[in-house]
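Visitor:
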Amino acid sequence: MHRDSKHKAKLTLSAEEKARHQRVSTQVKRSESLIIKQIKSTTMEETKNMTAERSLEIITEQIEKSRRAVSKTTGQSLFVSGLCTMGMAVIIAITNFILINHASGGLGHLLWLVLPVIIWLFMRKYNKEREHTPVSLVGSMVAKTWSTFAWFVIGYFIIALIWGFVAMRMLQPEEYVATRIEVTPVIVLLMGMAITITGHILKQRWLIIFGIVAGLGCFVWEHFNMGATTVMLLSGQPHPSLSFAAIASTLPCLTIFIFAFVGLMLPGWMLKKQK
Amino acid sequence: MFQPLDPLLHSELRLAVMSLLISAEEAEFPYIKEQTGATAGNLSVQLDKLSTAGYIEVEKTFKGKKPCTICRITPAGQKAFEDYIQVLKTYLNV
Numbered sequence: 001m002h003r004d005s006k007h008k009a010k011l012t013l014s015a016e017e018k019a020r021h022q023r024v025s026t027q028v029k030r031s032e033s034l035i036i037k038q039i040k041s042t043t044m045e046e047t048k049n050m051t052a053e054r055s056l057e058i059i060t061e062q063i064e065k066s067r068r069a070v071s072k073t074t075g076q077s078l079f080v081s082g083l084c085t086m087g088m089a090v091i092i093a094i095t096n097f098i099l100i101n102h103a104s105g106g107l108g109h110l111l112w113l114v115l116p117v118i119i120w121l122f123m124r125k126y127n128k129e130r131e132h133t134p135v136s137l138v139g140s141m142v143a144k145t146w147s148t149f150a151w152f153v154i155g156y157f158i159i160a161l162i163w164g165f166v167a168m169r170m171l172q173p174e175e176y177v178a179t180r181i182e183v184t185p186v187i188v189l190l191m192g193m194a195i196t197i198t199g200h201i202l203k204q205r206w207l208i209i210f211g212i213v214a215g216l217g218c219f220v221w222e223h224f225n226m227g228a229t230t231v232m233l234l235s236g237q238p239h240p241s242l243s244f245a246a247i248a249s250t251l252p253c254l255t256i257f258i259f260a261f262v263g264l265m266l267p268g269w270m271l272k273k274q275k
Numbered sequence: 276m277f278q279p280l281d282p283l284l285h286s287e288l289r290l291a292v293m294s295l296l297i298s299a300e301e302a303e304f305p306y307i308k309e310q311t312g313a314t315a316g317n318l319s320v321q322l323d324k325l326s327t328a329g330y331i332e333v334e335k336t337f338k339g340k341k342p343c344t345i346c347r348i349t350p351a352g353q354k355a356f357e358d359y360i361q362v363l364k365t366y367l368n369v
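In order, the protein sequence lines correspond to chains A and B. Numbered by the numbering used here, the letters in the first sequence go through residues 1 to 275 in order. Numbered by the numbering used here, the letters in the second sequence go through residues 276 to 369 in order.
(1) Starting from the beta carbon of Q310 (chain B), find every residue of chain A whose beta carbon is closer than 9 Å, and list them in chain order.
(2) Which same chain residues, not among the five before or five after V292 (chain B), have their C-beta less than 8 Å away from its C-beta?
(3) Assuming contact is defined by CB atoms lying nearer than 8 Å, are F219 (chain A) and V188 (chain A) in contact in what I supplied?
(4) Note the first and the last residue of the continuous alpha helix (DSSP H) segment covering R347 (chain B).
(5) Could you tell me whether any Cβ in chain A is nearer than 8 Å to the Cβ of Y306 (chain B)?
(6) Within this structure, are the beta carbons of A228 (chain A) and G263 (chain A) separated by less than 8 Å?
(7) Flag this pair as touching only if the region 191-210 of chain A and the region 157-169 of chain A have three or more C-beta atom pairs under 8 Å; answer yes or no.
(8) I'd like the list of long-range same chain contacts for L207 (chain A), defined as Cβ closer than 7 Å, with 5 residues on each side in sequence excluded.
(9) Among A:L83, A:G139 and A:L234, which has the Cα closest to the Cα of R67 (chain A)?
(10) Going by DSSP, what residue range makes up the alpha helix (DSSP H) through K338 (chain B)?
(11) State the CB to CB distance for the pair M88 (chain A) and L110 (chain A), rounded to an integer number of angstroms; the pair is presumed to be in contact (CB under 8 Å).
(12) How about L271 (chain A) and G75 (chain A): are their beta carbons less than 8 Å apart?
(13) Determine whether the beta carbon atoms of L280 (chain B) and Y359 (chain B) lie at a separation below 8 Å.
(14) What residues of chain A sit near E301 (chain B), judged by a beta carbon separation below 9 Å?
(15) Just the chain A side, please: which residues come within less than 8 Å of L322 (chain B) by C-beta, in chain order?
(16) Check the Cβ of L56 (chain A) against every Cβ in chain E and list those closer than 7 Å, keeping chain order.
(17) Of the residues A:A52, A:T145, A:I119 and A:L171, which one's Cα is nearest the Cα of Q278 (chain B)?
(18) Could you list which residues in chain B have their beta carbon closer than 9 Å to that of A143 (chain A), in chain order?
(19) Just the chain A side, please: which residues come within less than 7 Å of E357 (chain B) by C-beta, in chain order?
(20) Report, in whole angstroms, the separation of the C-beta atoms of I256 (chain A) and T145 (chain A), which I expect to be a contact under 8 Å.
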């Protein structure tokens with residue numbers, strides 16, 4: 001009798017176990033089918049049961065990918081422009097320093113006109129090498145921002161040169177100094193604005209910050225002649241001597257060099273390295 | 276009552292292609308393939324479907340000696356995409 005009851009208990013236990021097994025197996029099957037569904041939804045296959053959320057996700061993802069591709073190209077352009085500008089600043093500074101002894105210290109600044117050509121040549125070489133990135137709305141907005149900047153800067157530079165040439169011959173030295181068009185502060189300000197706008201288009205907050213800091217910082221530094229004042233304070237001379245004039249003629253190059261590093265090369269490198 | 280979503284656009288790959296082309300003036304086949312992660316065969320089929328519907332135009336040309344397929348969205352495609360977004364908004368209560 002006792003044996004029979006034990007056997008019955010065993011049988012009922014095994015029935016319970018069977019039910020539990022069944023429950024577990026159905027749960028496993030359910031989770032498996034869920035996982036398969038999830039995998040299917042993540043692959044680019046034709047699905048009729050695609051949810052509205054997934055549709056939105058795909059659209060956002062593709063637009064973001066396009067933005068990233070443009071960011072990388074823009075990064076390369078900024079990097080190359082920064083390097084070329086820094087190199088040119090050094091060359092012009094040396095040229096001015098040498099030419100100051102021949103009483104034509106500012107003549108080296110004419111070399112700035114060659115800079116857009118050099119940048120264009122480098123970018124042309126790079127564009128030939130890299131794979132074709134389509135012209136997107138974001139890309140064309142960035143390109144238009146920089147082409148606007150280039151037209152304004154080249155125009156402003158030429159106007160300043162012509163006015164400087166005319167005013168030097170027509171006006172008294174005091175009048176000339178008072179009416180002289182300052183080039184460097186305005187150019188760094190415009191460049192800072194172009195970098196900030198690019199940052200807004202590409203949604204890169206640090207690019208916006210770099211543009212504002214570099215543009216305004218270098219504008220203040222250059223407009224208030226802080227470089228010249230520093231040199232004057234360090235040399236201890238109330239009036240500029242020849243050596244001071246030589247240093248002063250190279251100071252805008254130093255400003256441009258710092259700006260090109262902070263506002264162009266560094267953000268360009270960061271954009272390039274972005275995953 | 277929800278409006279039905281355009282069945283031609285309501286496919287992952289076709290929607291991805293349209294989303295890519297909507298923000299680009301034109302795009303080459305390898306670029307679309309890379310961005311969508313699709314196979315060349317599957318992508319060709321889907322591009323054909325979009326092209327037949329008049330949503331995109333496919334130009335087969337040469338880049339040097341290599342064949343090059345360029346895709347661009349048509350005004351009809353832009354309209355269809357805009358309508359799709361409008362309907363999608365109603366689904367998402369945006």
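Ideal placement from N, C-alpha and C gives every residue a C-beta, glycine not left out.
Guide: Let's see:
(1) Position 35 of the second sequence, counting from 1, holds the residue named residue 310 (chain B). Below the 9 Å Cβ cutoff, chain A contributes Q62, K65, S66 and A69 as neighbours of Q310 (chain B), in chain order.
(2) Translated into the one-based positions of the second sequence, residue 292 (chain B) becomes position 17. Only I307, T311, L318, Q321, L322, L325, I331 and C346 meet the Cβ criterion.
(3) Residue 219 (chain A) sits at position 219 when you count from the first residue of the first sequence. Residue 188 (chain A) sits at position 188 when you count from the first residue of the first sequence. Yes, Cβ-Cβ distance for F219 (chain A) and V188 (chain A) is below 8 Å.
(4) Residue numbering aside, residue 347 (chain B) sits at position 72 when the second sequence is read from its first letter. Here R347 (chain B) belongs to no alpha helix (DSSP H); instead the beta strand (DSSP E) covers K341 to I348.
(5) Translated into the one-based positions of the second sequence, residue 306 (chain B) becomes position 31. Y306 (chain B) counts as touching chain A.
(6) As a first step, residue 228 (chain A) must be located in the first sequence, where it is residue number 228. As a first step, residue 263 (chain A) must be located in the first sequence, where it is residue number 263. No, Cβ-Cβ distance for A228 (chain A) and G263 (chain A) is not below 8 Å.
(7) By the Cβ criterion, the region 191-210 of chain A is not in contact with the region 157-169 of chain A, since fewer than three pairs of Cβ atoms, one from each stretch, lie closer than 8 Å.
(8) Counting from one through the first sequence, the residue named residue 207 (chain A) turns up at place 207. Here the set comprises I195, T198, G199 and P267.
(9) The sequence position of residue 67 (chain A) within the first sequence is 67, counting from 1. Answer by Cα proximity: A:G139.
(10) As a working mapping, residue 338 (chain B) is identified with position 63 in the second sequence. Counting along the chain, K338 (chain B) falls outside any alpha helix (DSSP H), though it belongs to the beta strand (DSSP E) covering I331 to K338.
(11) Counting from one through the first sequence, the residue named residue 88 (chain A) turns up at place 88. Counting from one through the first sequence, the residue named residue 110 (chain A) turns up at place 110. Actually they are not in contact, since the Cβ atoms of M88 (chain A) and L110 (chain A) sit about 12 Å apart, beyond 8 Å.
(12) Mapped onto the first sequence, residue 271 (chain A) falls at position 271. Mapped onto the first sequence, residue 75 (chain A) falls at position 75. Contact flag set, yes.
(13) Counting from 1 along the second sequence, the entry for residue 280 (chain B) is found at position 5. Counting from 1 along the second sequence, the entry for residue 359 (chain B) is found at position 84. The Cβ atoms of L280 (chain B) and Y359 (chain B) lie closer than 8 Å to each other.
(14) Here residue 301 (chain B) corresponds to residue number 26 of the second sequence, with the count starting at 1. Simply P134 and V135.
(15) Working through the second sequence from its first residue, we reach residue 322 (chain B) at position 47. Here the premise fails: no neighbours, minimum Cβ distance about 13 Å.
(16) No chain E is part of this structure, whose protein chains are labelled A and B.
(17) Here residue 278 (chain B) refers to the residue found at position 3 of the second sequence. Taking only the C-alpha atoms, the option nearest Q278 (chain B) is A:A52.
(18) As a working mapping, residue 143 (chain A) is identified with position 143 in the first sequence. Those within 9 Å of A143 (chain A) in chain B number zero; the least Cβ separation is about 12 Å.
(19) Walking along the second sequence from the start, residue 357 (chain B) turns up at place 82. The contacting residues do not exist; E357 (chain B) stays about 12 Å from chain A at best.
(20) Within the first sequence, the letter at position 256 stands for residue 256 (chain A). Within the first sequence, the letter at position 145 stands for residue 145 (chain A). Actually they are not in contact, since the Cβ atoms of I256 (chain A) and T145 (chain A) sit about 20 Å apart, beyond 8 Å.
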